[in-house]
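Participant:
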Amino acid sequence: MELLEYQAKELFKTVGIPILPSLTIQDPRHIKQLQIPYPVVLKSQVRSGGRGKAGGVRFVANTIDAIAAARSIFNLSILGEYPEVILAEAHYNTERELFLGIVLDYNLQRPVLLGSAWGGMNIDSLLGNLQQVVVDEAFSPFYARRLTTQMGLSGGLICSVSDIIAKMYGLFRDRDLDLIEINPLGINGRGELMALDGRIIMNDSALARQPIMETLNLSAQQRSSTDRSAWKAKRDFARVRWRWLDWSNRAGKVATICSSFDSALLVWDLLEQSQVVTASSALIENSLRSQAENLQLYREQLQDIIEEIAKLPEIEVIMLNIWDSEAISREVCQAIGDYCTETATSIAASEQTLANRAIARDTATPVQSGSVIALESNSKTASPTANSDLDDCRPYFVLRLLHEPSPEELPHSERIYLSSSLEASIDRVVKLVKSS
Amino acid sequence: MFSNSNAIRPNFFDLSTFVPPSVNRTLSESVRSMNWFHPHKVIIQGITDYQAAFCALQMKAYGTEIVAGISPGNGGATVEGVTVFDSIEQAQAEVGEVEISLIFVTPYQVLDAAKEAIAAGIRKIIIFTPRVPPQDTIALIEHARSTNTLILGPGSHGIVVPQKVWLGNLQPEFYQPGTIGMIASSRHLCYEVAAELNNAKLGQSKIISLGNDRIIGSDLSHWLATLNEDSETEAIVTIGQRVNQIESIIAYSKERGYNKPVIAYLAGLKAPQEKIYGDAQTIITNHLSGSIPVVNRDRQTTEELRKIGIKIASKPSEIPKIIEAALSTTNSKQ
């Protein structure tokens with residue numbers, strides 16, 4: 001979870017990293033309460049970088065300008081996010097700006113200290129001079145000094161900047177951080193240091209054990225990102241849970257429901273190899289096996305997912321790839337069957353209110369895994385023209401299950417295709433998409 | 001391709017003196033030669049967790065020798081026929097020296113549970129719990145390294161030797177005995193590939209689940225080396241989303257060479273999932289540069305793998321054909 005600047009600075013304060021006097025503002029009128037002498041900087045508190053360029057950072061010289069600027073910042077969305085808080089900070093004269101960061105390097109499996117003597121807005125020179133020191137044993141301040149000498153610092157700066165790095169490391173360690181960054185660390189004419197901006201990313205797996213989570217005011221964006229991680233629950237493995245994969249691709253006509261993230265990727269691969277685009281995917285993860293209440297929960301969650309997907313008009317085919325026990329396979333069949341029966345009835349009902357359409361359909365095909373289970377003759381179903389046949393049938397369901405259901409478990413319907421072979425299911429999806 | 005299980009069960013792998021490169025902290029040879037595949041005396045830490053109890057039941061039915069469960073505060077109880085102790089010390093006093101610990105405790109307890117196991121002399125640990133805070137995992141890996149302990153996981157689903165050994169919660173009914181080794185970081189992909197292999201009558205020698213956490217105790221390069229030196233494995237398949245530690249794999253290939261076909265299937269390489277970067281500089285560059293696109297490393301990775309002779313499959317159904325082609329070339333050379 002990424003902290004906003006003012007939250008990061010609160011943490012800086014707890015370890016003695018110098019920050020400017022400031023006020024957090026949730027309403028432009030509160031600017032009148034500002035005790036900080038003008039000129040003042042107003043900064044939009046949003047997650048994304050590039051605030052300055054987008055107009056989210058404004059210098060103001062008096063109260064009237066400040067209120068006007070605050071109003072416009074609150075109405076400015078940067079990369080899709082509106083600020084809930086604005087940070088008002090004192091002005092600071094810097095002679096020089098440095099970049100400091102500590103990042104958990106997942107390849108090296110160690111924390112890495114990063115620094116550049118060319119901190120600030122000019123990214124090219126920052127990156128061009130970026131230095132790195134790997135903390136390969138327990139941290140000690142000499143690692144920080146190593147970084148400062150690599151950066152080319154000398155004199156009093158070596159120790160003062162190392163001190164800041166050591167404090168950053170303390171936070172990194174104690175708060176389970178993935179990243180902590182100060183850019184820029186300002187140096188004034190007297191060689192004093194000031195953290196002018198701050199960025200902290202806390203590791204999602206560790207949020208539940210961090211006491212600060214109780215006291216932080218989370219923004220809407222932060223709340224939604226942590227909902228997806230498991231932090232709230234001091235629970236054992238989730239029983240059944242489902243989540244969306246954010247692939248929302250408007251061009252796609254297929255939605256998939258899979259047992260795990262990797263299954264979803266596999267299905268995505270196979271569809272992509274036949275030039276079919278997956279619009280979105282839902283994962284229904286079942287970490288327990290076939291306990292009774294669990295099965296009920298599974299079916300309910302599956303029904304929720306299907307209803308969500310059905311709301312997307314562009315979806316023509318829903319493919320399920322469920323690798324699980326026989327009991328679960330039965331629940332899946334039940335859920336799909338119920339859904340098709342319900343929607344068929346409602347479509348049939350609405351069509352009977354329209355006049356003159358009653359062509360009974362007569363087909364029968366053998367029921368075996370890998371074939372289409374077609375509609376038997378049923379005079380209730382109205383299927384007037386070829387086009388609205390397709391409409392009635394959408395969305396189609398393609399089920400890949402390991403176990404073959406009995407005829408009572410899965411009703412006959414032209415909409416449903418079932419196979420235990422992944423490739424056969426994929427072929428069917430491709431055919432359906434390309435024929436529509 | 002299909003070979004019967006051997007009449008004589010070997011106890012060790014025969015390793016010649018390979019010295020791993022000092023790149024990226026590869027595990028030592030003595031650690032690799034450990035007897036993972038014929039486990040005696042297994043304990044389960046966190047046995048009162050529902051998943052753990054369920055696994056214990058299934059493992060016992062398969063023949064795995066689970067001698068004790070550990071759950072502080074629940075000593076004296078019995079879970080699925082396994083006696084529970086408050087501590088490993090007490091358990092070993094009764095059942096003797098334990099060889100392997102399977103850890104199912106909650107994420108924030110993992111580091112401590114593993115340390116307890118190591119302190120009790122256990123040198124092989126499988127951590128089933130996923131989403132352990134990475135700084136804990138790093139501390140654990142350090143500790144394990146200094147004590148020559150081998151860790152599988154976190155987030156592992158265990159090890160299966162079809163019809164012989166079952167340590168974990170991969171479902172053994174999906175595997176057939178044979179000579180193809182599998183190393184997977186994903187459970188369902190592992191099943192899918194095994195299904196394809198079974199259809200082609202290519203059984204599996206050993207299946208190892210590395211775990212899906214971003215930092216894991218023993219990685220692909222380690223287990224590739226292990227299977228490369230395993231006499232019961234003729235070809236190796238690795239399945240997952242990405243290949244980390246590629247330098248170790250390349251280094252091993254240069255120094256020792258993979259003497260059997262290695263096939264990789266990487267899922268979702270082109271899928272629009274959020275790209276996850278591992279190294280510090282890329283992470284920072286990404287953030288600072290904002291919209292500047294970063295080079296897609298995945299294609300580089302597959303190229304580098306191809307250069308050292310590892311074959312890349314574009315989907316699971318291709319894997320049996322690639323194996324058969326590779327093995328027949330090897331056979332015809334002999």
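Chains as they are written, first to last, in the working numbering: chain B, 1 to 436; chain L, 1 to 334.
Glycine residues also receive a C-beta, built at the ideal position from the N, C-alpha and C atoms.
Counting only beta-carbon separations shorter than 8 Å, does Ala-206(B) have a partner in chain L?
Facilitator: For the purposes of this step, residue 206(B) is identified with residue 206 of the first sequence, where counting begins at 1. Yes, its Cβ sits closer than 8 Å to a Cβ of chain L.
Participant: Out of Lys-434(B), Thr-341(B) and Ile-426(B), which has the shortest C-alpha to C-alpha gap to Arg-415(B)?
Facilitator: The sequence position of residue 415(B) within the first sequence is 415, counting from 1. Closest option to Arg-415(B), Cα to Cα, is Thr-341(B).
Participant: Can a CB atom of chain L be found closer than 8 Å to the CB of Gln-275(B)?
Facilitator: Locating residue 275(B) in the first sequence gives position 275, counting from the first residue. For Gln-275(B), the answer is no, since every Cβ of chain L falls outside 8 Å of its Cβ.
Participant: Assuming the contact rule is C-beta atoms closer than 8 Å, Leu-270(B) and Ile-283(L) should be a hit. Round their C-beta distance to whole Å, please.
Facilitator: For this step, residue 270(B) is matched to residue 270 along the first sequence. For this step, residue 283(L) is matched to residue 283 along the second sequence. That belief does not hold up - the Cβ atoms of Leu-270(B) and Ile-283(L) are roughly 31 Å apart, past 8 Å.
Participant: Given a threshold of 16 other Cβ atoms within 10 Å of its Cβ, counted over all protein chains shown, does Tyr-92(B) qualify as buried or as exposed?
Facilitator: Within the first sequence, the letter at position 92 stands for residue 92(B). Classification for Tyr-92(B): exposed.
Participant: Between the segment 159 to 179 of chain L and chain B, which residues of the former have CB atoms less than 7 Å from a CB of the latter, in chain order?
Facilitator: The residues in question: there are none.
Participant: For Val-193(L) and Asp-338(B), what's the separation of their Cα atoms in angstroms?
Facilitator: For this step, residue 193(L) is matched to residue 193 along the second sequence. For this step, residue 338(B) is matched to residue 338 along the first sequence. Rounded to whole angstroms, Val-193(L) to Asp-338(B) spans 32 Å at the Cα level.
Participant: In whole angstroms, what separates the C-alpha of Gly-186(B) from that of Gly-119(B)?
Facilitator: Here residue 186(B) corresponds to residue number 186 of the first sequence, with the count starting at 1. Here residue 119(B) corresponds to residue number 119 of the first sequence, with the count starting at 1. Cα to Cα, Gly-186(B) sits roughly 9 Å from Gly-119(B).
Participant: If I measure Cβ to Cβ from Val-440(B) and keep anything under 8 Å in the same chain, skipping five residues before and after, which residues do I get?
Facilitator: This structure cannot speak to residue 440(B), because chain B is shown only from 1 to 436.
Participant: Within the same chain, show all residues whose beta-carbon is closer than 6 Å to that of Leu-4(B), passing over the 5 residues directly before and after it, in chain order.
Facilitator: For this step, residue 4(B) is matched to residue 4 along the first sequence. Closer than 6 Å at Cβ, skipping near neighbours: Gln-45.
Participant: Helix or strand or just coil, what does DSSP make of Pro-111(B)?
Facilitator: The count along the first sequence starts at 1 and reaches residue 111(B) at position 111. The DSSP-derived three-state label of Pro-111(B) is strand.
Participant: Closest by CA to Ile-25(B), which one among Val-85(B), Ile-36(B) and Tyr-38(B)?
Facilitator: Residue numbering aside, residue 25(B) sits at position 25 when the first sequence is read from its first letter. Answer by Cα proximity: Val-85(B).
Participant: For Lys-311(B), tell me which candidate among Pro-395(B), Leu-302(B), Ser-406(B) and Phe-261(B) has the shortest Cα-Cα distance.
Facilitator: The sequence position of residue 311(B) within the first sequence is 311, counting from 1. The residue with the shortest Cα to Cα distance from Lys-311(B) is Pro-395(B).
Participant: Applying the criterion that 16 or more other CB atoms from any shown protein chain within 10 Å of the CB defines a buried residue, is Glu-192(B) buried or exposed?
Facilitator: Taking the first sequence and counting its residues from 1, the one referred to as residue 192(B) is at position 192. Exposed, because fewer than 16 other Cβ atoms sit within 10 Å of the Cβ of Glu-192(B).
Participant: Tell me whether Leu-170(L) is buried or exposed, calling it buried when 16 or more other Cβ atoms sit within 10 Å of its Cβ.
Facilitator: Along the second sequence, one-based indexing puts residue 170(L) at 170. The residue is buried, with at least 16 neighbouring Cβ atoms inside 10 Å.
Participant: For a test of the three-state rule: what should DSSP assign to Thr-63(B), helix, strand or coil?
Facilitator: Position 63 of the first sequence, counted from the start, is the residue given in the question as residue 63(B). If DSSP states are grouped into helix, strand and coil, Thr-63(B) belongs with the helices.
Participant: Quick one, which of Ile-164(B), Met-319(B), Met-168(B) and Arg-330(B) has its alpha-carbon nearest Ser-406(B)'s?
Facilitator: Position 406 of the first sequence, counted from the first residue, corresponds to residue 406(B). When only C-alpha atoms are compared, the closest one is Arg-330(B).
Participant: Give me the chain L residues within the contact set of Glu-423(B), using Cβ-Cβ distance strictly less than 8 Å, ordered along the chain.
Facilitator: As a position in the first sequence, residue 423(B) is number 423, starting the count at 1. Under the 8 Å cutoff, chain L gives Ser-317.
Participant: Cα separation between Cys-190(L) and Val-79(L)?
Facilitator: Indexing the second sequence from 1 puts residue 190(L) at position 190. Indexing the second sequence from 1 puts residue 79(L) at position 79. Computed Cα separation, rounded: 29 Å.
Participant: Any idea which residues DSSP pairs Pro-177(L) with across the strands?
Facilitator: Counting from one through the second sequence, the residue named residue 177(L) turns up at place 177. Beta-bridge pairing links Pro-177(L) to Gln-204(L).
Participant: With 7 Å as the limit, tell me which residues of the segment 303 to 327 of chain B have their beta carbon closer than that to any beta carbon of chain L; keep them in chain order.
Facilitator: Trp-323
Participant: Use the C-beta contact count for Gly-370(B): other C-beta atoms within 10 angstroms, 16 or more gives buried, fewer gives exposed.
Facilitator: Reading the first sequence from its first residue, position 370 is the one you call residue 370(B). Note that Gly-370(B) scores 41 on pLDDT, short of 50, meaning its location in the model is unreliable; the coordinates nonetheless yield the value given after this. Flag for Gly-370(B) reads exposed.
Participant: Anything in chain B within Cβ reach of Gln-241(L), meaning under 9 Å, just list it in chain order.
Facilitator: Translated into the one-based positions of the second sequence, residue 241(L) becomes position 241. In chain order: Phe-261, Asp-262 and Leu-265.
Participant: Are the Cβ atoms of Gly-115(B) and Leu-100(B) separated by less than 8 Å?
Facilitator: Position 115 of the first sequence holds residue 115(B). Position 100 of the first sequence holds residue 100(B). Taking 8 Å as the Cβ cut-off, Gly-115(B) and Leu-100(B) qualify as a contacting pair.
Participant: Can you name the start and end residues of the beta strand (DSSP E) that Trp-166(L) belongs to?
Facilitator: Walking along the second sequence from the start, residue 166(L) turns up at place 166. Annotation for Trp-166(L): the continuous beta strand (DSSP E) segment containing it runs 165 to 168.
Participant: For Ile-127(L) and chain B, any beta-carbon pair shorter than 8 Å?
Facilitator: Residue 127(L) sits at position 127 when you count from the first residue of the second sequence. No - not a single Cβ of chain B is within 8 Å of the one on Ile-127(L).
Participant: Closer than 9 Å by beta-carbon distance: list the chain L residues that pair up with Asp-105(B), in chain order.
Facilitator: Here the question's residue 105(B) lines up with position 105 in the first sequence. Those within 9 Å of Asp-105(B) in chain L are Gly-278, Asp-279, Ala-280, Gln-281 and Ile-283.
Participant: For chain B, check one thing: does any of its Cβ atoms lie closer than 8 Å to the Cβ of Lys-321(L)?
Facilitator: The sequence position of residue 321(L) within the second sequence is 321, counting from 1. Closer than 8 Å: no.
Participant: My parser needs the beta strand (DSSP E) runs of 3 or more residues fully inside the segment 298 to 327 of chain L; what are they?
Facilitator: 311 to 313
Participant: Gln-109(B) touches chain L at which residues, Cβ-Cβ below 7 Å?
Facilitator: Residue 109(B) sits at position 109 when you count from the first residue of the first sequence. Within chain L, the residues near Gln-109(B) are Ile-138, Ile-141 and Ile-215.
Participant: Measuring only the C-alpha atoms, how far is Ile-426(B) from Val-267(B)?
Facilitator: Within the first sequence, numbered from 1, the residue matching residue 426(B) stands at position 426. Within the first sequence, numbered from 1, the residue matching residue 267(B) stands at position 267. Roughly 8 Å between the two C-alpha positions.
Participant: Which bits of chain B does Pro-107(L) rub up against, with CB to CB less than 7 Å?
Facilitator: As a first step, residue 107(L) must be located in the second sequence, where it is residue number 107. The contacting residues are Ser-205.
Participant: Can you name the residues of chain B whose CB is closer than 8 Å to the CB of Ala-271(L)?
Facilitator: As a position in the second sequence, residue 271(L) is number 271, starting the count at 1. Among the residues of chain B, those whose CB is under 8 Å from the CB of Ala-271(L) are Trp-247, Leu-265, Trp-268, Asp-269 and Glu-272, following chain order.
Participant: So, helix, strand or coil for Asn-286(B), using DSSP?
Facilitator: Residue mapping note: residue 286(B) aligns to position 286 of the first sequence, counting from 1. Strand, per DSSP.
Participant: What residues from chain B crowd round Pro-133(L), counting only those whose CB sits closer than 7 Å?
Facilitator: What you label residue 133(L) is simply residue 133 of the second sequence in a count that begins at 1. Residues of chain B passing the Cβ test: Asp-176, Asn-203, Ser-205 and Ala-206.
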